[in-house]
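Per my numbering, residue -12 is the first one in the sequence shown, and the count goes up by one each step.
Using N, Cα and C, we set each Cβ at its ideal position, and we do this for glycine too.
Report on the structure given below.
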Amino acid sequence: MPRIFFTLGAINAFLCVLLGAVGAHGLKHQLATDMLATFQTGVQYHFYHALGLILIGLVLLNFPHSRLLKLSGWVMFAGIVLFSGTLYIVSLTGIRGLGMIAPLGGLSYMSAWLLFAYAAWTGK
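In structure tokens, the structure reads:
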């Protein structure tokens, strides 16, 4: 199971670098300032949580049977899709109504970190 989180983390880190470059160089003159800032916020949180997936994979090497750690990884991945994915779509399309999905991603991020902390504290 650690391999899936290493893989997801590495692929998502790659996507962060790619999307960051697209935002900085390709979209700089294409998007309004607020939409570019929204896009960059998506990249920033995406990158933090790509590293989080790799961290979960590392910890799973020592606790391979921890269901809470595995759940934490999947919830974190859902957060990437829901939070950063929504910010990317909103900034590129201008459909601000979709922004209502982003808080679900934020809750996923927070839940993932709490699950990770609880798993670390209890050893479960």
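- For the pair Asn(-1) and Ala37, the CB atoms are nearer than the 7 Å cut-off.
- Between the region 43 to 63 and the region -1 to 10 there are fewer than three C-beta pairs closer than 8 Å, too few to call the two in contact.
- Spatial neighbours of Leu14 in its own chain (CB-CB distance under 7 Å, excluding positions within 5 residues in sequence) are listed in chain order as Leu23 and Phe26.
- Where Ile88 is concerned, there is no enclosing alpha helix (DSSP H), because DSSP gives it neither an H nor an E.
- Between Gly29 and Leu91, the C-beta spacing is not below 7 Å.
- Cα atoms of Met63 and Gly81: separation of roughly 26 Å, rounded to the nearest angstrom.
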